[in-house]
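2 protein chains.
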Amino acid sequence: MNTREKLVSTTSKIIRKKGYFGTGINEILKSIEVPKGSLYHHFPAGKDELIIAAVLYGGEAQILKYGEALRGKTAETGLNAMIDVMSKELIDSNFEDACPIAAVALAAGNIDETIRKACDKVFKGWQQSLAGYLERRGIENTTEKSEQLYAMFEGAYILSQAHRDVKYLELQKKFVKVVLEA
Amino acid sequence: MNTREKLVSTTSKIIRKKGYFGTGINEILKSIEVPKGSLYHHFPAGKDELIIAAVLYGGEAQILKYGEALRGKTAETGLNAMIDVMSKELIDSNFEDACPIAAVALAAGNIDETIRKACDKVFKGWQQSLAGYLERRGIENTTEKSEQLYAMFEGAYILSQAHRDVKYLELQKKFVKVVLEA
DNA sequence: AAAAGTTTACAGACCAGTCGGTCTAATTAT
DNA sequence: ATAATTAGACCGACTGGTCTGTAAACTTTT
């Protein structure tokens, strides 16, 4: 793993815990023992450029995880497996890891517009990927339903994190069914 | 409006835009021209104590707004009015204001536990208030449905903010119906 | 193939500015 | 008088970012 990759993956990790403002360059560099010069060599525009790379990287990592959970299953069992993946992430991180995109997106209205666009792009990628999955299973109105499912999951994730209890995510299994049949 | 109230309401405003880490004490004090000594007189424990007060204050303000939107309407039209309130908030703030609680809750796993508990308390208050509202309209399974509705709204709010388009919130109107009838 | 030049990557001291927080003094209200 | 509140100078730690410099790996020239 080269210096650039280390920077991006570590930033992605810290972002999930502390968001844009809470993630400090010095903290990142210290944790992987990379000097500042290297950071500004790979990311001349500094923090914001690094954050954008981390957002895209985190989004990609997430889509792979979800894709694996969905693969080869019916729509309902696949989505339930995806919910289990989210629950596991929360529990494994002791409820410290937020959704990697939401963690940044929440402050996005007040930071550089290019960062918001990166979040937007990742969200859209997730949604389209899910829509394709539903389409392949002969479901109708896949755009609308995939949008709705992501909204539900995103909200349930946040509520579960705040409560330190995955019950909101579990509840989604019931309503996944309702949405698919709607 | 006394100094304490000014501190709390201003902090609540800034929190919505920048979250816990992005909200600086100096910025708050400067914007309302209050000296530091006053802050530490009213909130001896400093930033965290102020943030908690702001979270509770913001939660209370929100519940009043929503209550007003719901009042005297059927469940479905009331909830649609509530969705409109959220959309209006986003648009009026140029998509800069996040949900006042989510903005803090997202980092809550990594800051003082008492702050997370304040977020939790507000969320629970919202949910119970909505459950009571549904109950009074003769709807069944009100606990589960109010939890689900808040998860949906929370997620739709975040997605709408990231997209700078209230279409995700609008979409909820369709699924409010579905949830109520489930 | 050797030397010279050029690019890429790593390294960290250093900077001005800001952070949350403390402290003492002055002012105001009771 | 006494307590509550306002006022702001000040502190060390930390922020993101700049700067100069080194070292190795490529080309290019001879």
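First to last, the sequence lines map onto chains A and B. The opening position of the first sequence corresponds to residue 179 in our numbering, with each subsequent residue numbered one higher. The opening position of the second sequence corresponds to residue 179 in our numbering, with each subsequent residue numbered one higher. Using N, Cα and C, we set each Cβ at its ideal position, and we do this for glycine too.
Same chain, Cβ closer than 7 Å to residue i, neighbours up to 5 away in sequence not counted
i        : result
A:Met264 : Phe331, Tyr335, Leu347
B:Lys299 : none
A:Ile289 : Tyr198
A:Glu183 : none
Same chain only: Cβ atoms within 8 Å of residue i, ignoring 5 sequence neighbours per side
i        : result
A:Phe221 : Leu185, Glu227, Leu228, Ala231
B:Arg294 : Ala283, Ala286, Gly287
B:Thr188 : Ile206, Ser209, Ile210
B:Gly303 : Gly237, Ile241
B:Ser190 : Ala232, Val233, Tyr235, Gly236, Ala239, Pro278
Short Cβ contact (8 Å threshold) for residue i with residue j
i        : j        : result
B:Ala360 : A:Val354 : no
B:Gln326 : B:Leu268 : no
A:Leu248 : A:Tyr328 : no
B:Met260 : B:Tyr235 : no
B:Leu207 : B:Lys196 : no
B:Val282 : B:Tyr198 : yes
B:Leu305 : B:Pro278 : Just to set this straight, residue 305 of chain B is Gln in the shown sequence, not Leu. In this structure, B:Pro278 does not lie closer than 8 Å to B:Gln305 by Cβ.
A:Asp233 : A:Ala285 : According to the sequence displayed, residue 233 of chain A carries Val and not Asp. It is not a contact, given that the beta carbons lie outside the stated cut-off.
A:Ala276 : A:Arg194 : yes
A:Gly333 : B:Phe273 : no
A:Phe301 : B:Leu337 : yes
A:Thr181 : A:Ile192 : no
A:Glu291 : A:Leu358 : no
Under 7 Å from the C-beta of residue i: neighbouring residues of chain A
i        : result
B:Ala281 : Leu284
B:Tyr218 : Those within 7 Å of B:Tyr218 in chain A number zero; the least Cβ separation is about 23 Å.
B:Arg182 : In chain order: nothing, as chain A lies at least about 25 Å away.
B:Met205 : Checking the sequence shown, residue 205 of chain B turns out to be Glu, not Met. Going along chain A, no residue has its Cβ under 7 Å from B:Glu205, so there is no contact; the nearest lies around 12 Å.
B:Glu318 : Those do not exist, as B:Glu318 stays about 14 Å from chain A at its closest Cβ, beyond 7 Å.
B:Ser193 : Correcting the residue identity first, residue 193 of chain B is Ile in this sequence and not Ser. Ordered by position in chain A, no residue passes the 7 Å Cβ test against B:Ile193, which lies about 11 Å from the chain.
B:Ile230 : Under the 7 Å cutoff, chain A gives no residues; its nearest Cβ is about 14 Å from B:Ile230.
Cross-chain neighbours of residue i in chain B, by beta carbon under 7 Å
i        : result
A:Glu325 : Tyr346, Leu349
A:Ala276 : Leu284
A:Thr330 : Note that residue 330 of chain A is Met in the sequence shown here, rather than Thr. Residues of chain B passing the Cβ test: Ala329, Met330, Gly333.
A:Asp298 : Ala340, His341
A:Ala360 : Val356
A:Trp261 : The question names Trp, but residue 261 of chain A in the sequence shown is Ile. What A:Ile261 touches in chain B: nothing, since even the nearest Cβ is about 12 Å away.
Contacts of residue i in chain B (Cβ-Cβ under 8 Å)
i        : result
A:Gln240 : The contacting residues do not exist; A:Gln240 stays about 15 Å from chain B at best.
A:Gln339 : Ala283, Leu284, Ala286, Gly287
A:Phe273 : Gly287
A:Arg294 : Ala340, Arg342
Neighbour-count burial assignment, residue i, 16 or more Cβ in a 10 Å radius
i        : result
B:Thr252 : exposed
A:Ser365 : Examination of residue 365 of chain A is not possible in this model, given that chain A is present from 179 through 360 alone.
B:Ala223 : exposed
A:Gly237 : buried
B:Gly316 : exposed
B:Asp270 : exposed
A:Gly250 : exposed
B:Leu308 : buried
A:Thr320 : buried
A:Lys352 : exposed
A:Lys323 : buried
Where residue i meets chain A, residues with beta-carbon distance less than 9 Å
i        : result
B:Gly200 : Gly197, Tyr198, Phe199, Gly200, Ala285, Asn288, Ile289
B:Phe221 : Correct list: empty, because the minimum Cβ distance to chain A is about 21 Å.
B:Ile210 : Chain A residues near B:Ile210: none, gap ~19 Å exceeds 9 Å.
Within chain A, the residues that residue i reaches when beta carbons sit closer than 8 Å
i        : result
B:Val357 : Phe353, Val356
B:Glu267 : Within 8 Å Cβ-Cβ: nothing; B:Glu267 doesn't reach chain A, min ~12 Å.
Contacts that residue i makes with chain B (C-beta to C-beta distance below 9 Å)
i        : result
A:Gly236 : What A:Gly236 touches in chain B: nothing, since even the nearest Cβ is about 14 Å away.
A:Glu254 : Result: empty, since nearest Cβ-Cβ is about 15 Å, beyond 9 Å.
Beta-carbon contacts of residue i that lie in its chain and below 6 Å, excluding the five residues immediately before and after
i        : result
B:Leu257 : Val354
A:Ile203 : Lys225
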